[in-house]
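Asks: Using our numbering, the first residue of the sequence shown is number 15, and each one after it goes up by one.
Note that CB positions come from ideal geometry on N, CA and C, so glycine has one too.
Once you've had a glance at the structure underneath, I'll fire off some questions.
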Amino acid sequence: MDIQLENNKYSYFGIHLEVLLSLFLVIATIAVYWQITGHDFINFDDDIYVFNNLAVRAGLTYESIKWAFTFTDIAYWHPLTWISHMLDCQLFGLNPGMHHMTNLIFHIFNSLLLFFIFKQMTGALWQSACVAALFALHPINVESVAWIAERKNVLSTFFWMLTMLAYVHYSRLQGIWRYLLTFFMFLLGLMCKPILVTLPFVLLLLDYWPLGRLRLKIDMIDSNSVKAESKKYGFKEFPFFILVLEKVPFFILSAVSIYMSVLSVKQHGIIASTDLTPITLRIANALVSYLVYLGKMLLPLNLAVFYPYPYQIPIFLSAGAGLALLSISFLVIWAFRKKPYMGTGWFWYIGVLLPNTGLIQAGLWPAMADRWTYLPFIGIFIIIVWGVADLKVRWDLKKSHIITAAIAIFLILMVRSYSQGRYWANSITLFEHNLITTSNNYVAHNNLGLALKEKGMINEAAEHYLKAIQINSKFELAYLNLGVIFAGVGDHEKAVGFYKEALRIKPDFIAAHINMGNTHLRQGRIDDAIGNYSEALRFKPDSEEAYNGLGAAMVRIGKLTKAIDYFKKALLLKPNHEGAKRNLKNTLATLERNK
């Protein structure tokens, strides 16, 4: 069934208005983000995702692809994300500008798909274009685009959009192949990031509005606003039970994805204990964050790459936030019939953001993160845009006034996003800005210290590590980095002292065990070094660094054959390990000379 939307008849210079609006989206987005193609990698996850990850740097090889589909010790299971990074390395090597370019391309496609999908569902050209423009140009989305390690965000959203597009066509024309295509796109999205577990819930919201597929005994939807439109564009009604049954395979796949994600982080012991962050604090932070995000959407200032987790939240603040969310939800439900877009938009926001509220935490978990709103804010943008369209009719607003206001808003967003994008030029500019926009940010101090150390500014780096410890005395990474600094200048005793403090906080801290082993090896304390490497292997039996260290220790005591075995084990685990390769070659040469 070929649907010809009324808006398509308008054209300028022989070009359809839809095409012109698409060009605006592309040009405006490029104008804001082209600068990132000249930006560097940053030392926050870009290292473990790309430039220090040997499997990724190897490009598309059998071994690297096999690794991508395993439970790595870096993050949850997302093989397609790994493969996308590998493809970039295959094509561009470690040129950060091209890796940034890939993120930008996905963001542009996501914006265009969002525009096209909502136009297909609603026939509302201008509203659909404005939702897409807010998504493309809002400063809070800069993090997802300008951060190479957030490839998983823009890539998973790409498949989210393709799933929605396939679902719209399935909803209009039905058919098993269209259904399977929708399911397949959903599967690919889950292989990029588990956030797509919320998509079946969103599809049910779309069934309600704007698709109008939900048949209710009590007509909760204004027939003038949704029913007529859904029939006009070919969407048929079904009972709620049928629509839920239709989503059962999607919900099952979501459950499998959740299980695999939890299993992968549990396997590597990176789930944060409720002893460190009590569940009551997590719930309080989640409630407050929902409202803080809305504030940042309306006034996108003081955006940061890392927001430190609060030590406590006053009960009146969390209770007030909870009451506000309940009140808004009640008003949205009350307005369902005449303003159905409010229900879809609000519960899209609440539901899609839920997995990132921190009720379950893994690794270094922030209080909130700009990147987590990349998809959820689409729901709020829907409410804003369709709400303005309603006000125009109710208050008889002049179209010229609305257009002028919209142009002004988009220009402000573009300038603000461009400005925000400049902070992502490198690790120093990013974390210096992070320290300005947040307080007591031990992570920003630590990562700024790492960046300064890379520039040879050792004393300045040490000052930031010490500030990180002053803020959070249990931050083991800062102790590790101080140990590395002192080991580098030859003060081995101080280095060992900091490594011990890191291990007191986190006994299974592999990097601290290995670094202390390396320091002991330099001191000639071979037995201590062997003990450190053995402890590392106790916590991580597949640590190639520990095997390489043990090999070096064996060389020092003349056990060359055993050393060779350890170097071979290291290379078996990581064939591209340069240190193990060099050590094995030298040891074999020494053994040959001694014959």
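Taking 8 Å as the cut-off, does the stretch 293 to 304 touch the stretch 108 to 126 (at least 3 CB pairs, one atom from each stretch)?
Replies: Segments in contact, no.
Asks: Skipping 5 residues on each side, what residues in its chain have a beta carbon closer than 6 Å to that of Arg385?
Replies: To locate residue 385, count along the sequence shown from 1; it is residue 371. Only Glu157, Ser158, Glu164, Asn167 meet the Cβ criterion.
Asks: Skipping 5 residues on each side, what residues in its chain have a beta carbon closer than 8 Å to that of Leu602?
Replies: Working through the sequence shown from its first residue, we reach residue 602 at position 588. Counting only Cβ-Cβ distances below 8 Å, and skipping sequence neighbours, we find Ile578.
Asks: Report the rounded CA-to-CA distance for Thr533 versus Gly572, giving the unit in angstroms.
Replies: Against the sequence shown, residue 533 aligns to sequence position 519. Against the sequence shown, residue 572 aligns to sequence position 558. Thr533 and Gly572: Cα-Cα distance of roughly 19 Å.
Asks: Which value, in whole angstroms, describes the spacing of the CA atoms of Tyr325 and Gly593?
Replies: Here residue 325 refers to the residue found at position 311 of the sequence shown. Here residue 593 refers to the residue found at position 579 of the sequence shown. When rounded, the distance between both Cα atoms is 42 Å.
Asks: How about Leu368 and Thr604: do their beta carbons lie closer than 8 Å?
Replies: Within the sequence shown, numbered from 1, the residue matching residue 368 stands at position 354. Within the sequence shown, numbered from 1, the residue matching residue 604 stands at position 590. Not closer than 8 Å, so no.
Asks: Is Gln434 near Pro93, with beta carbons less than 8 Å apart?
Replies: The residue given as residue 434 occupies position 420 in the sequence shown. The residue given as residue 93 occupies position 79 in the sequence shown. Their beta carbons are not under 8 Å apart, which means Gln434 does not touch Pro93 by this criterion.
Asks: I believe Asn608 touches Phe581 by the beta-carbon criterion, under 8 Å. Please report the beta-carbon distance rounded to the nearest angstrom.
Replies: Here the question's residue 608 lines up with position 594 in the sequence shown. Here the question's residue 581 lines up with position 567 in the sequence shown. Not really, about 17 Å apart at Cβ, beyond 8 Å.
Asks: Going by the DSSP bridge assignment, what does Ala376 pair with across the sheet?
Replies: Start at 1 with the first residue of the sequence shown, and residue 376 comes out as number 362. DSSP lists Ile285 as partners of Ala376.
Asks: Compare the beta carbon distance of Leu462 and Phe445 with 8 Å and say whether it is the shorter of the two.
Replies: The residue labelled residue 462 in the question sits at position 448 within the sequence shown. The residue labelled residue 445 in the question sits at position 431 within the sequence shown. Yes, the pair counts as a contact, with Cβ atoms nearer than the cut-off.
Asks: Which value, in whole angstroms, describes the spacing of the CA atoms of Thr443 and Tyr437?
Replies: Working through the sequence shown from its first residue, we reach residue 443 at position 429. Working through the sequence shown from its first residue, we reach residue 437 at position 423. Near 5 Å, if we compare the C-alpha coordinates of Tyr437 and Thr443.
Asks: Below 8 Å on the Cβ atoms is my guess for Leu176 versus Met205; work out the distance and round it to an integer in Å.
Replies: Here residue 176 corresponds to residue number 162 of the sequence shown, with the count starting at 1. Here residue 205 corresponds to residue number 191 of the sequence shown, with the count starting at 1. Contact flag wrong, Cβ pair sits at about 13 Å.
Asks: Just to confirm my understanding: we take Glu477, look at its own chain, exclude 5 residues before and 5 after, and list those with CB closer than 8 Å. What are they?
Replies: Along the sequence shown, one-based indexing puts residue 477 at 463. Excluding sequence neighbours, Glu477 sits near Gly463.
Asks: Does the beta-carbon distance from Ala160 to Met428 come in below 8 Å?
Replies: Reading the sequence shown from its first residue, position 146 is the one you call residue 160. Reading the sequence shown from its first residue, position 414 is the one you call residue 428. Contact flag unset, no.
Asks: Classify Ile450: buried if its beta carbon has 16 or more other beta carbons within 10 angstroms, exposed otherwise.
Replies: Locating residue 450 in the sequence shown gives position 436, counting from the first residue. Ile450 should be labelled exposed.
Asks: Just list the alpha helix (DSSP H) runs in the stretch 110 to 182, keeping only unbroken ones of 4 residues or longer that don't cross its boundaries, in chain order.
Replies: DSSP runs (the alpha helix (DSSP H)) wholly in the stretch 110 to 182: 110 to 136, 139 to 151, 156 to 160.
Asks: How should Asp556 be labelled, buried or exposed, when 16 other C-beta atoms within 10 angstroms of its C-beta is the threshold for buried?
Replies: Here the question's residue 556 lines up with position 542 in the sequence shown. Its Cβ having fewer than 16 others within 10 Å, Asp556 is exposed.
Asks: Spell out the partners DSSP gives Arg229 in its beta bridges.
Replies: The residue given as residue 229 occupies position 215 in the sequence shown. The partner list for Arg229 (beta bridge, DSSP) reads Pro253.
Asks: Does DSSP put His30 in a helix, in a strand, or in coil?
Replies: By one-based count along the sequence shown, residue 30 stands at place 16. Correct three-state label for His30: strand.
Asks: Whole-angstrom Cβ separation of Val145 and Phe391, contact assumed at under 8 Å?
Replies: Taking the sequence shown and counting its residues from 1, the one referred to as residue 145 is at position 131. Taking the sequence shown and counting its residues from 1, the one referred to as residue 391 is at position 377. The pair is not a contact, with the Cβ atoms about 10 Å apart (cut-off 8 Å).
Asks: Leaving out five residues on either side along the sequence, give the residues of the same chain with a beta carbon under 8 Å from the beta carbon of Val399.
Replies: Residue numbering aside, residue 399 sits at position 385 when the sequence shown is read from its first letter. Around Val399: Gln141, Cys144, Val145, Leu148.
Asks: Pull up the CB-CB distance for Leu494 and Ala525, whole angstroms please, since I reckon it's below 8 Å.
Replies: As a first step, residue 494 is located in the sequence shown; it is residue number 480 there, counting from the start. As a first step, residue 525 is located in the sequence shown; it is residue number 511 there, counting from the start. So it is a contact: roughly 6 Å between Cβ atoms.
Asks: Can you say whether Gln484 is buried or exposed, counting buried as having 16 or more other CB atoms within 10 angstroms of its CB?
Replies: Mapped onto the sequence shown, residue 484 falls at position 470. Burial call: exposed.
Asks: Along the chain, where does the alpha helix (DSSP H) containing Lys481 start, and where does it finish?
Replies: In the sequence shown, counting from the first residue as 1, residue 481 sits at position 467. Residues 472 to 485.
Asks: Evaluate Ala422 with the Cβ neighbour count: other Cβ atoms within 10 Å of its Cβ, from every protein chain shown; 16 or more gives buried, anything less gives exposed.
Replies: Sequence index remark: in the sequence shown, residue 422 carries index 408 (1-based). Exposed.
Asks: Do you know how far the Cα of Asp61 is from the Cα of Lys80?
Replies: Start at 1 with the first residue of the sequence shown, and residue 80 comes out as number 66. Start at 1 with the first residue of the sequence shown, and residue 61 comes out as number 47. When rounded, the distance between both Cα atoms is 20 Å.
Asks: Take the Cβ of Pro253 as the centre, count every other Cβ of all protein chains shown within 10 Å, and call the residue buried at 16 or more, exposed below.
Replies: Position 239 of the sequence shown, counted from the first residue, corresponds to residue 253. Counting Cβ neighbours within 10 Å, Pro253 comes out exposed, since fewer than 16 surround it.
Asks: By how many angstroms is the C-alpha of Gly470 removed from the C-alpha of Ile266?
Replies: Against the sequence shown, residue 266 aligns to sequence position 252. Against the sequence shown, residue 470 aligns to sequence position 456. So the two alpha carbons sit approximately 52 Å from each other.
Asks: Considering only residues of the same chain and omitting the five flanking positions on each side of Asn486, which have a CB-CB separation below 7 Å?
Replies: For this step, residue 486 is matched to residue 472 along the sequence shown. Excluding positions up to five away in sequence, the list reads Tyr456.
Asks: Taking the continuous alpha helix (DSSP H) assigned at Tyr564, which residues delimit it?
Replies: In the sequence shown, counting from the first residue as 1, residue 564 sits at position 550. Position check: residue 564 holds Leu in this sequence, whereas Tyr was assumed. Taken as a continuous stretch (DSSP letters only), the alpha helix (DSSP H) holding Leu564 covers 558 to 570.
Asks: Using only the alpha-carbon positions, how far apart do Leu425 and Tyr307 sit?
Replies: Locating residue 425 in the sequence shown gives position 411, counting from the first residue. Locating residue 307 in the sequence shown gives position 293, counting from the first residue. Their backbone Cα atoms lie some 21 Å apart in a straight line.
Asks: Indicate the three-state DSSP secondary structure (helix, strand or coil) for Met530 in the structure shown.
Replies: For the purposes of this step, residue 530 is identified with residue 516 of the sequence shown, where counting begins at 1. Of the three classes helix, strand and coil, the one that applies to Met530 here is helix, per DSSP.
Asks: Going along the chain, which residues of its own chain have a beta-carbon closer than 7 Å to the beta-carbon of Met115, five neighbours each way excluded?
Replies: Within the sequence shown, numbered from 1, the residue matching residue 115 stands at position 101. Excluding sequence neighbours, Met115 sits near Thr51.
Asks: Looking only at C-alpha atoms, which of Glu559, Asn597, Leu277 sits nearest to Arg570?
Replies: Here residue 570 refers to the residue found at position 556 when the sequence shown is read from its first residue. Comparing Cα positions, the closest option is Asn597.
Asks: Counting C-beta neighbours from all protein chains within 10 Å, is the total for Glu606 16 or more, i.e. buried, or is it exposed?
Replies: For the purposes of this step, residue 606 is taken as residue 592 along the sequence shown, with counting starting at 1. Classification of Glu606: exposed, given that the 10 Å Cβ count is below 16.
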